[in-house]
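Chains as they are written, first to last, in our numbering: chain A, 3 to 198; chain B, 349 to 524.
Single-structure report; data block below.
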């Protein structure tokens with residue numbers, strides 16, 4: 003029967019209220035996991051703290067397993083879910099620029115909001131930076147438009163792209179995640195501790 | 349318990365526990381709304397709102413801003429802005445419980461506050477720019493995209509982490 007709001011089971015008026023409550027849960031979990039600390043987040047790139055890797059991949063594995071299981075049981079129709087569209091070069095070039103921003107600034111937008119909420123002034127500056135970045139993009143939109151609107155493959159999934167069986171994809175993804183966790187712990191033991 | 353938290357404000361949840369709960373939140377979000385989480389969208393709406401108020405003619409003629417301007421409705425009235433408001437509230441509650449609320453600049457003892465703030469600003473500008481080009485950030489494109497096996501979501505995730513590892517060496521002084 004799900005998703006509930008697009009399916010008309012919950013009236014649209016509740017959309018904004020639900021958004022606030024989902025945001026509260028999201029912000030709470032991120033902050034409690036230590037994502038309001040830029041030095042903890044940056045640890046994943048230097049091997050002294052793998053919290054980002056562990057939280058991020060556990061969340062991805064749990065959500066994809068849960069969503070496909072709910073679809074299998076008939077509670078959720080996967081075909082009605084919004085799939086982030088694939089603009090090939092936009093996804094890659096944008097991602098590379100974001101990666102550079104991540105290691106320079108130590109936050110991503112969601113985690114910077116958590117740090118803003120607990121009074122980290124570097125996060126306030128970071129958020130102002132994000133807005134300047136959005137402003138630059140918008141003002142130079144004509145320049146970026148070819149990659150922004152080009153190479154559009156639509157709202158495709160790995161299943162559409164490669165014809166793989168989704169259950170095998172999820173199984174392999176989960177195995178990769180568990181192996182990555184093991185390697186992360188091995189690396190962590192060899193790297194000099196950083197206290198923050 | 350409370351004194352223990354005050355003595356060590358960096359006592360965080362087990363990352364697997366945090367990740368599990370985050371996964372449940374994503375499932376719940378898709379189940380209710382049919383879409384995933386996000387964060388950079390709220391900052392985009394803020395920029396559109398500021399530009400629309402400061403230079404309304406310019407905002408209308410720009411082909412990017414104009415996509416988000418609707419007659420008689422504020423660009424702030426979107427799902428992602430309400431969700432971002434929730435993130436601020438939720439993080440504030442969590443920080444309050446653990447005694448982490450404090451005005452400060454967090455940085456490595458090896459660098460100055462000024463250097464940290466300059467790099468934070470540069471990082472923000474880059475992330476803001478990249479998130480527009482990729483149509484979403486780590487939450488909207490990578491995490492929510494991966495939850496429904498979006499090809500673009502996986503590509504963006506690989507690009508973000510790949511490039512961060514590639515550039516990490518050059519910025520090591522800021523962190524270790």
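Built from N, CA and C at the ideal position, the CB exists for glycine as well.
Whole-angstrom Cβ separation of residue 126(A) and residue 136(A), contact assumed at under 8 angstroms?
One-based indexing of the first chain puts residue 126(A) at position 124. One-based indexing of the first chain puts residue 136(A) at position 134. No, residue 126(A) and residue 136(A) are not in contact; Cβ-Cβ is about 16 angstroms, not under 8 angstroms.
Which same chain residues, not among the five before or five after residue 112(A), have their C-beta less than 7 angstroms away from its C-beta?
Numbered from 1 along the first chain, position 110 holds the residue referred to as residue 112(A). Counting only Cβ-Cβ distances below 7 angstroms, and skipping sequence neighbours, we find 32.
Going by the DSSP bridge assignment, what does residue 89(A) pair with across the sheet?
By 1-based counting over the first chain, the position of residue 89(A) is 87. Paired residues: 154(A).
Candidates 460(B), 449(B), 483(B): which alpha carbon is nearest residue 122(A)'s?
Residue numbering aside, residue 122(A) sits at position 120 when the first chain is read from its first letter. Comparing Cα positions, the closest option is 449(B).
Considering only DSSP beta bridges, list what residue 4(A) is partnered with.
For the purposes of this step, residue 4(A) is identified with residue 2 of the first chain, where counting begins at 1. Bridge partners of residue 4(A): 78(A).
In the DSSP assignment, find the unbroken alpha helix (DSSP H) run with residue 504(B) in it and report its ends.
In the second chain, the residue the question calls residue 504(B) occupies position 156. Residue 504(B) -> alpha helix (DSSP H) spans 499-516.
Extract the residue ranges of the alpha helix (DSSP H) inside the segment 406-465 of chain B, only unbroken runs of 4 or more that lie entirely within it.
Entirely contained in the segment 406-465 of chain B, the alpha helix (DSSP H) runs reaching 4 residues are, in chain order, 427-445.
Which residues of chain A have a Cβ atom closer than 8 angstroms to the Cβ of residue 391(B), listed in chain order?
For the purposes of this step, residue 391(B) is taken as residue 43 along the second chain, with counting starting at 1. Simply 111, 129, 132, 133, 136.
Could you tell me whether the Cβ atoms of residue 110(A) and residue 38(A) are closer together than 7 angstroms?
Taking the first residue of the first chain as position 1, residue 110(A) is located at position 108. Taking the first residue of the first chain as position 1, residue 38(A) is located at position 36. Taking 7 angstroms as the Cβ cut-off, residue 110(A) and residue 38(A) do not qualify as a contacting pair.
Counting C-beta neighbours from all protein chains within 10 Å, is the total for residue 380(B) 16 or more, i.e. buried, or is it exposed?
As a first step, residue 380(B) must be located in the second chain, where it is residue number 32. By the neighbour-count rule (16 or more Cβ atoms within 10 Å), residue 380(B) is buried.
Please return the same chain residues whose Cβ sits closer than 6 angstroms to the Cβ of residue 374(B), not counting the five positions on each side in sequence.
Here residue 374(B) is taken as the residue at index 26 of the second chain, counted from 1. The answer, listed in chain order, is 495.
When you compare each of 472(B), 425(B), 479(B) to residue 130(A) by their alpha carbons, which one comes out closest?
Residue mapping note: residue 130(A) aligns to position 128 of the first chain, counting from 1. For residue 130(A), the nearest C-alpha among the options comes from 472(B).
Measuring CB to CB, does residue 512(B) end up less than 7 angstroms from residue 105(A)?
Numbered from 1 along the second chain, position 164 holds the residue referred to as residue 512(B). Numbered from 1 along the first chain, position 103 holds the residue referred to as residue 105(A). In contact: residue 512(B) and residue 105(A) (Cβ atoms closer than 7 angstroms).
Where does residue 194(A) sit, in a helix, a strand or coil, going by DSSP?
For the purposes of this step, residue 194(A) is identified with residue 192 of the first chain, where counting begins at 1. If DSSP states are grouped into helix, strand and coil, residue 194(A) belongs with coil.
Following the continuous alpha helix (DSSP H) through residue 363(B), name the residue where it begins and the one where it ends.
In the second chain, the residue the question calls residue 363(B) occupies position 15. Note, residue 363(B): alpha helix (DSSP H), 363-381.
So with Cβ pairs under 7 angstroms, would you call residue 412(B) a contact of chain A?
For the purposes of this step, residue 412(B) is taken as the residue at position 64 of the second chain. Interface residue, yes.
How far does the alpha helix (DSSP H) with residue 490(B) in it reach, from first residue to last?
Walking along the second chain from the start, residue 490(B) turns up at place 142. Taken as a continuous stretch (DSSP letters only), residue 490(B) belongs to no alpha helix (DSSP H), as it is neither H nor E.
Verify whether the separation of the beta carbon atoms of residue 40(A) and residue 101(A) is less than 7 angstroms.
For the purposes of this step, residue 40(A) is identified with residue 38 of the first chain, where counting begins at 1. For the purposes of this step, residue 101(A) is identified with residue 99 of the first chain, where counting begins at 1. The answer is no: Cβ separation not under 7 angstroms.
Return the bridge partner residues of residue 122(A) from the DSSP annotation.
Within the first chain, the letter at position 120 stands for residue 122(A). In the DSSP output, where bridge partners are listed per residue, residue 122(A) has 452(B).
Does the distance from the CB of residue 367(B) to the CB of residue 30(A) come in under 7 angstroms?
Counting from 1 along the second chain, the entry for residue 367(B) is found at position 19. Counting from 1 along the first chain, the entry for residue 30(A) is found at position 28. No, they are not a contact pair.
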